[in-house]
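Protein chains: 4
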Amino acid sequence: MRDEPGVQPLTERGARTRERLLAAAREVFEERGFLETRVAHITRHARVAYGSFYTYFPSKEAVFLEVADRLFADMTDHDLVPSAGPEPAARVRRANRAYYEAYRRNAKMMAIIEQVATFNAEFQELRRKHRAASAERSAKAIARWQREGLVPSDIDAEMAARVLASMVDRSLYLWLVQGNDPPGTERLLETLDTLTVRALGLPS
Amino acid sequence: MRDEPGVQPLTERGARTRERLLAAAREVFEERGFLETRVAHITRHARVAYGSFYTYFPSKEAVFLEVADRLFADMTDHDLVPSAGPEPAARVRRANRAYYEAYRRNAKMMAIIEQVATFNAEFQELRRKHRAASAERSAKAIARWQREGLVPSDIDAEMAARVLASMVDRSLYLWLVQGNDPPGTERLLETLDTLTVRALGLPS
Amino acid sequence: MRDEPGVQPLTERGARTRERLLAAAREVFEERGFLETRVAHITRHARVAYGSFYTYFPSKEAVFLEVADRLFADMTDHDLVPSAGPEPAARVRRANRAYYEAYRRNAKMMAIIEQVATFNAEFQELRRKHRAASAERSAKAIARWQREGLVPSDIDAEMAARVLASMVDRSLYLWLVQGNDPPGTERLLETLDTLTVRALGLPS
Amino acid sequence: MRDEPGVQPLTERGARTRERLLAAAREVFEERGFLETRVAHITRHARVAYGSFYTYFPSKEAVFLEVADRLFADMTDHDLVPSAGPEPAARVRRANRAYYEAYRRNAKMMAIIEQVATFNAEFQELRRKHRAASAERSAKAIARWQREGLVPSDIDAEMAARVLASMVDRSLYLWLVQGNDPPGTERLLETLDTLTVRALGLPS
DNA sequence: CATGAATGAGAGTTCATTCAT
DNA sequence: GATGAATGAACTCTCATTCAT
Numbered sequence: 001m002r003d004e005p006g007v008q009p010l011t012e013r014g015a016r017t018r019e020r021l022l023a024a025a026r027e028v029f030e031e032r033g034f035l036e037t038r039v040a041h042i043t044r045h046a047r048v049a050y051g052s053f054y055t056y057f058p059s060k061e062a063v064f065l066e067v068a069d070r071l072f073a074d075m076t077d078h079d080l081v082p083s084a085g086p087e088p089a090a091r092v093r094r095a096n097r098a099y100y101e102a103y104r105r106n107a108k109m110m111a112i113i114e115q116v117a118t119f120n121a122e123f124q125e126l127r128r129k130h131r132a133a134s135a136e137r138s139a140k141a142i143a144r145w146q147r148e149g150l151v152p153s154d155i156d157a158e159m160a161a162r163v164l165a166s167m168v169d170r171s172l173y174l175w176l177v178q179g180n181d182p183p184g185t186e187r188l189l190e191t192l193d194t195l196t197v198r199a200l201g202l203p204s
Numbered sequence: 001m002r003d004e005p006g007v008q009p010l011t012e013r014g015a016r017t018r019e020r021l022l023a024a025a026r027e028v029f030e031e032r033g034f035l036e037t038r039v040a041h042i043t044r045h046a047r048v049a050y051g052s053f054y055t056y057f058p059s060k061e062a063v064f065l066e067v068a069d070r071l072f073a074d075m076t077d078h079d080l081v082p083s084a085g086p087e088p089a090a091r092v093r094r095a096n097r098a099y100y101e102a103y104r105r106n107a108k109m110m111a112i113i114e115q116v117a118t119f120n121a122e123f124q125e126l127r128r129k130h131r132a133a134s135a136e137r138s139a140k141a142i143a144r145w146q147r148e149g150l151v152p153s154d155i156d157a158e159m160a161a162r163v164l165a166s167m168v169d170r171s172l173y174l175w176l177v178q179g180n181d182p183p184g185t186e187r188l189l190e191t192l193d194t195l196t197v198r199a200l201g202l203p204s
Numbered sequence: 001m002r003d004e005p006g007v008q009p010l011t012e013r014g015a016r017t018r019e020r021l022l023a024a025a026r027e028v029f030e031e032r033g034f035l036e037t038r039v040a041h042i043t044r045h046a047r048v049a050y051g052s053f054y055t056y057f058p059s060k061e062a063v064f065l066e067v068a069d070r071l072f073a074d075m076t077d078h079d080l081v082p083s084a085g086p087e088p089a090a091r092v093r094r095a096n097r098a099y100y101e102a103y104r105r106n107a108k109m110m111a112i113i114e115q116v117a118t119f120n121a122e123f124q125e126l127r128r129k130h131r132a133a134s135a136e137r138s139a140k141a142i143a144r145w146q147r148e149g150l151v152p153s154d155i156d157a158e159m160a161a162r163v164l165a166s167m168v169d170r171s172l173y174l175w176l177v178q179g180n181d182p183p184g185t186e187r188l189l190e191t192l193d194t195l196t197v198r199a200l201g202l203p204s
Numbered sequence: 001m002r003d004e005p006g007v008q009p010l011t012e013r014g015a016r017t018r019e020r021l022l023a024a025a026r027e028v029f030e031e032r033g034f035l036e037t038r039v040a041h042i043t044r045h046a047r048v049a050y051g052s053f054y055t056y057f058p059s060k061e062a063v064f065l066e067v068a069d070r071l072f073a074d075m076t077d078h079d080l081v082p083s084a085g086p087e088p089a090a091r092v093r094r095a096n097r098a099y100y101e102a103y104r105r106n107a108k109m110m111a112i113i114e115q116v117a118t119f120n121a122e123f124q125e126l127r128r129k130h131r132a133a134s135a136e137r138s139a140k141a142i143a144r145w146q147r148e149g150l151v152p153s154d155i156d157a158e159m160a161a162r163v164l165a166s167m168v169d170r171s172l173y174l175w176l177v178q179g180n181d182p183p184g185t186e187r188l189l190e191t192l193d194t195l196t197v198r199a200l201g202l203p204s
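Protein chains in written order, with the UniProt record's numbering: chain A, 1 to 204; chain B, 1 to 204; chain C, 1 to 204; chain D, 1 to 204.
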């Protein structure tokens, strides 16, 4: 009992051990899922003693939160519509592809994230915030396009942003995580692009 | 899951007990989620002896599968586009509303279904089949509309059906299960209708 | 998880198992003390499975409380002054001897009781109540003797009852539990009697 | 306990660290009890590195023994009858009050001492010796009073000393440590004085 | 069939002590 | 000496499933 476990290590060596645990945790979570992961798996994978885990993390949940937090940061570099500029359809397309790449890179963890989100309220909240921030940025882009006359003004920008994000997100989940269908990825991406652009009425 | 030991009760009394267990299971699953549900909770709720559970179901998973199977039947009475006919936009609209109502009615179980789908392969497969069947029907409708010139022929009917189903499904999940947003339901439904119709290029 | 553990068993067989656990618990507590007792020791001693312990008791504390409660009942059949009547000095003497016998019979558990009382607030309260009830009875006897002119009226009956109970109780504890001194028991009892009688000014 | 590794610091700085650990240990023990005290609590409180604890003390028990040893010294400056002289009743009274004050000052540690005495044999022995030495002094006083004709000669001086010490000690423990009773302290002290004096038959 | 007791392999967490720096 | 990380044996409590009645 160092009493406030999970504190940042004070030495170089401690920092290394902590990183090893984080990396091992991610790998084991990806391999076995959150529920089937034992703290012992993580420590064995990181080649540290069982007890060392609790030197840096108060629980299995805590290490997961941190792994997921890093992943969210990686994922949200690639928003639906990252920046202003001409050719909105091309931008949508590019954003979708970027998100697809990020999703593919992190597909295994995305599966575990969905798992944990179904029973851990704290984590649900974390994910909700990330989603809201991301949707907010997309909504801003849509609203700008509406002011520029590129998107019909009868569309609810905020809601459309959320709904379209759900569309892309869930499609990629079923595709990449649950492997719901073999036919070519390009067909999926093409459809996501087309439907998004047409749903918003963007000139293509 | 239909040939496990003791599944089909032979007597009238046995059939009653089995039904009580199924009803109790659904209520307890809704209340606590799959992971937090104990077999004892189910039997207590059903006012049945602990051991009787295993007379009718080989495991906690088995009773869940059966509860979920019944629910899927209820949900898929309301497909994206239930039947042929004129006014496709109105049909999309009606289908979305019907699905929304069904989802709302079963929201708690939908949450648990998502939960179990994240770790139980057998259940994943069951859900995948339901999804595929449902998407197939939607794809048929879209294809018909394409032959009738109501939907552009450059759209991949099957993929569009899946992607749009993901959009609606996920939006309702975040809305009804995770309560992600306070603003009015009507805004959400309106957006789902509009985006679907425009994505498909249907006349409105 | 039968959810409200520690419930009374519903069958004859369950009642037997529960009794075996209680008896085993007492013996193991006496042998090793509360802190050094493991649930596994108790179940092994009772020849039941580890998990069966938790069918009947929610924790080690709970089984201890019940063991102690039974012991308190046994001990308080022998109060400082059990009943009214003539010859108070003889009554004091008889009460002291009776308490001594009870203490000797239960000496090992008295040691454990003292142990648990030093850290478990719930148990402290239980013991406080027993002590208060016992002191109350002694105080009544002293007050009666005061009304009969056998004890000086300047004595605080209630406080004297508590103080003299402490004297007897603690002396027996040090004697029988901590074995503080070999010389004859009779010397101790004689001293307890004499000091009690003279402290109260009773005719001897 | 004085020849364990690293007990006697060789440098000035080491002596200071050791004192800080001792002081911190006492405070933490008082705050949380022996069982709930972690070595980490002590070092944190002393603002000393975790490992430094083991530079000066071989174990948690060892530091407690030393804290308790100092406390015993403080307590036994105030014996039942500290010195010879006239007016024995007044002396008893004064000794009781002095002991009360000392007890009150150290009440929290007295609680922990009782706790440790219930499971640590080495500490039990230490306390037994202190008690024996103290009782010995009281017994000497009583014997002297017997030779002076102030106390009846049928009293067993040594045993009476022990029994009366138990009475005072236990009453103060229940009063000050377990807070067994709200009514005024003066009532308790008065009763202790009176009963002691009368039990011994001292002229008052 | 019904009942409820019995089972025991885990799993997470603790923390005194040791050790490398 | 001082520092704080590393260790891992314990220990409690859980609960799906089996079994005796």
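Ideal Cβ placement from N, Cα and C applies to all residues, glycine included.
Owing to the predicted nature of the structure, the values given are computational and were not obtained by experimental measurement.
CA nearest to the CA of residue i, picked from the options
i, options, result
"residue 205(D)", "P58(D), R105(D), A73(D)", "In the structure as shown, chain D starts at 1 and stops at 204, and residue 205(D) therefore has no counterpart that could be examined."
"L200(C)", "V177(C), V151(C), E158(C), M110(C)", "V151(C)"
"A24(A)", "M110(A), H45(A), E114(A)", "H45(A)"
"A15(B)", "E27(B), S52(B), Q146(B)", "S52(B)"
"Q115(D)", "R26(D), R198(D), F34(D)", "F34(D)"
Residue-chain proximity (residue i, chain B), Cβ-Cβ < 9 Å
i, result
"L80(A)", "Because L80(A) carries a pLDDT of 46, less than 50, the predicted location of this residue cannot be relied on, and no value is offered for it."
"Q8(A)", "no"
"Q178(A)", "yes"
"E31(A)", "no"
"T196(A)", "yes"
Extent of the continuous alpha helix (DSSP H) run through residue i
i, result
"F123(C)", "121-147"
"G193(A)", "Before going further, note that residue 193(A) is Asp rather than Gly in the sequence given. Residues 185-200."
"S153(B)", "Where S153(B) is concerned, there is no enclosing alpha helix (DSSP H), given that its DSSP letter is neither H nor E."
CB contact check: residue i to chain C, cutoff 9 Å
i, result
"V48(D)", "no"
"M159(D)", "yes"
"L188(D)", "yes"
"M167(D)", "yes"
"L192(D)", "yes"
Coarse secondary structure for residue i, derived from DSSP in three states
i, result
"F29(C)", "helix"
"V63(D)", "helix"
"N106(B)", "coil"
"G51(C)", "helix"
"F57(C)", "coil"
"I42(B)", "helix"
"I113(D)", "helix"
"L80(A)", "Any reading at L80(A) needs caution, since the residue's pLDDT is 46, under 50, leaving its predicted position unreliable; the model's value is listed next. Coil."
"E36(A)", "helix"
"D203(D)", "Correcting the residue type first, residue 203(D) is Pro in the shown sequence and not Asp. DSSP places P203(D) in coil when its eight states are reduced to three."
Proximal residues to residue i (C-beta, below 8 Å), its chain only, five neighbours per side dropped
i, result
"L65(C)", "E122, F123, L126"
"R32(D)", "H41"
"V48(A)", "T17, R20, L21"
"P203(D)", "P88, A89, L150"
Nonlocal neighbours in the same chain, by C-beta distance under 7 Å from residue i, ignoring five residues either side
i, result
"M75(B)", "A102, N106"
"V177(B)", "A107, M110, A111"
Contact set for residue i: own chain, Cβ-Cβ below 6 Å, skip 5 residues either direction
i, result
"V81(A)", "Legend: pLDDT at V81(A) = 46, less than 50; position of this residue unreliable, no value from coordinates given."
"A157(A)", "A139, I142, A143"
Neighbour flag for residue i against chain D, beta carbons, 9 Å
i, result
"D74(C)", "no"
"R162(C)", "yes"
"P203(C)", "no"
"F155(C)", "Sequence check: residue 155(C) is Ile here, not Phe. Answer yes: the Cβ-Cβ gap between I155(C) and chain D drops below 9 Å somewhere."
"E136(C)", "no"
Any C-beta of chain A under 9 Å from that of residue i
i, result
"D69(B)", "no"
"A111(B)", "yes"
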